[in-house]
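A short worksheet on the structure shown next.
Numbering (my numbering), first residue to last: 31 to 108.
Right under this line is the structure:
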């Protein structure tokens, strides 16, 4: 599957936005651990972080596999 550049750019921007939210949530989780060791609140924050991190890792995997596929295709062309 050859993906056009506007789609790749949109996916990359989405991944950066999710990563920014992930970092903000991570910082928030760390402050919650220091401030109030309430395990219910911490569990909710961790679940939110996991759900936000899924698209980030998905996009990273997509770009890695796409780069490997393009590299393999360039070998066959040569």
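Positions of the beta carbon are idealized from the N, C-alpha and C atoms, including for glycine.
Discussion item. Suppose contacts are defined by Cβ-Cβ distances below 7 Å. Is residue 52 in contact with residue 83 by that definition?
Written reply: yes
Worksheet item: Is residue 68 helix, strand or coil by DSSP?
Response: coil
Worksheet item: Which class does residue 31 belong to by DSSP, given the choice of helix, strand or coil?
Response: Because residue 31 sits at a pLDDT of 48, beneath the cut-off of 50, its placement in the model cannot be relied upon, and the following sentence gives the value as read from the coordinates. In the structure shown, residue 31 sits in coil (DSSP, three-state: anything other than H, G, I, E or B).
Practice prompt. Express the C-alpha separation of residue 100 and residue 59 in angstroms, rounding to a whole number.
Written response: Taking the straight line from one Cα to the other gives about 39 Å.
Worksheet item: Using a Cβ-Cβ cut-off of 8 Å (strictly less than) and excluding sequence neighbours within five positions of residue 92, which residues of its own chain qualify?
Response: 41
Fill in: Own chain, CB closer than 7 Å to residue 49, minus 5 neighbours either side, in chain order
For residue 49, the CB contacts under 7 Å within the same chain, skipping 5 residues up- and downstream, are 86 in chain order.
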